[in-house]
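Here the first sequence is numbered in this note's numbering, starting from 713 and rising by one per residue. Structure first, then comments.
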Amino acid sequence: MSSALLTDLRARGLIFQAAGEEQLPEWLDGGVRTLYCGFDPTADSLHIGSLVPLLMLRRFQLAGHRPLALVGGATGLIGDPSFKAQERQLNTPEVIAGWVDKIRQQVSRFVDFDAGEASAIVVNNLDWTRDMDVLTFLRDVGKHFSVNAMIQKESVKQRIEREGSGISFTEFTYMILQSYDFAELSKRYGCGLQIGGSDQWGNITGGIDLARRMYGNQVYGLTMPLITKADGTKFGKTESGTVWLDPVRTSPYAFYQFWLNTADVDVYRFLKYFTFLPVAEIDVLERADEQRQGRPEAQSVLAREVTRLVHGNEGLVAAQRITEALFSDNLSTLSAADFEQLRLDGLPASELPEAASMPATLTQLLTEAGMAPSGKQVKDALARNAVLCNGRPLGWGDNEQPAAVLTPDNALHGRYFVVRLGKKKYHLFYGKAA
RNA sequence: GGAGGGGUUCCCGAGUGGCCAAAGGGAUCAGACUGUAAAUCUGACGCGAAAGCUUCGGUGGUUCGAAUCCACCCCCCUCCA
713 MSSALLTDLR
723 ARGLIFQAAG
733 EEQLPEWLDG
743 GVRTLYCGFD
753 PTADSLHIGS
763 LVPLLMLRRF
773 QLAGHRPLAL
783 VGGATGLIGD
793 PSFKAQERQL
803 NTPEVIAGWV
813 DKIRQQVSRF
823 VDFDAGEASA
833 IVVNNLDWTR
843 DMDVLTFLRD
853 VGKHFSVNAM
863 IQKESVKQRI
873 EREGSGISFT
883 EFTYMILQSY
893 DFAELSKRYG
903 CGLQIGGSDQ
913 WGNITGGIDL
923 ARRMYGNQVY
933 GLTMPLITKA
943 DGTKFGKTES
953 GTVWLDPVRT
963 SPYAFYQFWL
973 NTADVDVYRF
983 LKYFTFLPVA
993 EIDVLERADE
1003 QRQGRPEAQS
1013 VLAREVTRLV
1023 HGNEGLVAAQ
1033 RITEALFSDN
1043 LSTLSAADFE
1053 QLRLDGLPAS
1063 ELPEAASMPA
1073 TLTQLLTEAG
1083 MAPSGKQVKD
1093 ALARNAVLCN
1103 GRPLGWGDNE
1113 QPAAVLTPDN
1123 ALHGRYFVVR
1133 LGKKKYHLFY
1143 GKAA
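Listed below in structure tokens is the structure:
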């Protein structure tokens, strides 16, 4: 364990802001330190936005420190206003409790619970806030906060100043709750460092102040940069929405594809953020790619590493199997068993209706299968020969006779159709087994 | 409680009686070019195969005709008490 960790984190561009920067290296070098990062249940799964902090916990653990993963059973009931443009809708306590369970399991996959002194712990802030009464909260905790200072925080400024949106007292209080978490963890576990995304800076510094005021504990804070893409679009979204960590929401295949599609300008930075590959190795890869003609190798390394981290080796193999089958034009070499496997691996698939109950149009069939949000898009694609069925282009003329197109004669192994829309959207249709 | 401002299609934002399924930009989707990139160009972009159907906070009304006018209601913001 050593502040060599900090050097590596800096080289990766993972440190955005630090509170107590002068003493931090020394503190880290002084023994097994305890740190925490919070994850609020805002859905039943985390998405890749939480990946950097999750991996960060692991980086610290690998460096010999003890990570606490906090699941925000309490803060999730309130909602963090930080840099949010609008007040959020409250969810019921029952719903949140369900999400807490899911997130606890998810978070647990990224840290090691059997690492001696550095063994991870999952905590829930509901445990120390549930039974606190209002007056205690206001007198013992609230008294340490200056509203004057709170409204100055950049994270809530736009909500306070901007016309068209306000902030409820409930959300405004969030900062105090999270600050209290840090103070409490410093007391309970000797936790001396909180990490989080750059949007958490205000909440983290609030906690640092509170820990000192309530318990005289000197604690530290680190934030990680917001992950951005060079083209300015939001990181973590695909055409089908958010990229989730839960394989049920985002299949390992889709997850793998997401990373594979990383832009060249972003990929080396992402390798540093999202993998444990040494920086030197990433630099070598970058130089090698510069020499190469055509497609760089970095994307496939990134996709492989991150998919393995999140979905394990099995998930990775499944993702690669589908990718290989679809993007190498060798559909005809696949066996019936292979198709079944692709289905199990998470290739989007649906059962084909009987010829008698077949939808009247292909646009309808493909839309219902979720390949496109509206028939218009399918229509557009058909008109441009961008819809392929088992490799054969379909045209606008085929639209009104799906039953004539999707016949057993045209199927692979009598019942499989791989329909491709555009360059990357694939869907497996399967008929009844013979 | 008082005064004022505002709610338009995914987002921003025009439109203030017919020419409006609603300008423009962004996002998104598809094509060309490529490397399942980037940049650029092209097309699509409420729903529908089409005929046609449904939109401009809500409900009623005026009118041959409403996103646009009227009434009431709901929500948001600003200032004052």
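We put the CB at the ideal spot given by N, CA and C, even for glycine.
Item	Value
Going by alpha carbons, who is nearest to residue 1012 out of 1110, 982, 1067, 716?	982
Roughly how many angstroms lie between the CA atoms of residue 752 and residue 923, to the nearest whole one?	21 Å
For residue 1112, count the other beta carbons within 10 Å of its own beta carbon; 16 or more makes it buried, fewer makes it exposed. Which is it?	exposed
Kindly indicate which three-state DSSP category residue 1025 falls into: helix, strand or coil?	helix
For residue 1128, which residues in the same chain have their Cβ closer than 7 Å to its Cβ, ignoring the five residues on either side in sequence?	1051, 1140, 1142
Can you name the start and end residues of the alpha helix (DSSP H) that residue 775 belongs to?	Segment: none, residue 775 is in no alpha helix (DSSP H) and carries neither H nor E.
So for residue 713, helix, strand or coil by DSSP?	Because residue 713 sits at a pLDDT of 41, beneath the cut-off of 50, its placement in the model cannot be relied upon, and the following sentence gives the value as read from the coordinates. In this structure, residue 713 counts as coil in the three-state DSSP scheme.
Could you tell me the alpha carbon to alpha carbon distance between residue 717 and residue 893, rounded to whole angstroms?	25 Å
Taking the continuous beta strand (DSSP E) assigned at residue 726, which residues delimit it?	Careful: residue 726 lies outside any beta strand (DSSP E) and carries neither H nor E.
Would you say residue 1198 and residue 760 are within 9 Å of each other, going by their C-beta atoms?	For the chain, the structure presents residues 713 to 1146; residue 1198 sits outside this window and is missing.
Would you check if the stretch 918–938 and the stretch 890–904 touch, i.e. whether three or more CB-CB distances between them fall below 8 Å?	yes
Would DSSP call residue 814 helix, strand or coil?	helix
Out of 738, 1071, 824, which has the shortest C-alpha to C-alpha gap to residue 1114?	1071
Nearest by alpha-carbon distance to residue 1126: which of 847, 976, 1049 is it?	1049
As an exercise, report each continuous beta strand (DSSP E) stretch of at least 3 residues that is fully enclosed by the stretch 985–1046, in chain order.	none
Out of curiosity, what's the CA-to-CA distance linking residue 912 and residue 936?	9 Å
Taking a contact to mean a Cβ-Cβ separation below 9 Å, would you say residue 837 touches residue 782 in this structure?	yes
Pull up the distance between the alpha-carbon of residue 1043 and that of residue 1002, whole angstroms please.	32 Å
Do the CB positions of residue 1133 and residue 1090 come within less than 9 Å of each other?	yes
I'd like to know if the stretch 857–867 and the stretch 743–752 are in contact, where contact means that at least 3 CB-CB pairs between them fall below 8 Å.	no
Using the rule of at least 16 other Cβ atoms within 10 Å of the residue's Cβ for burial, across every protein chain shown, is residue 846 buried or exposed?	exposed
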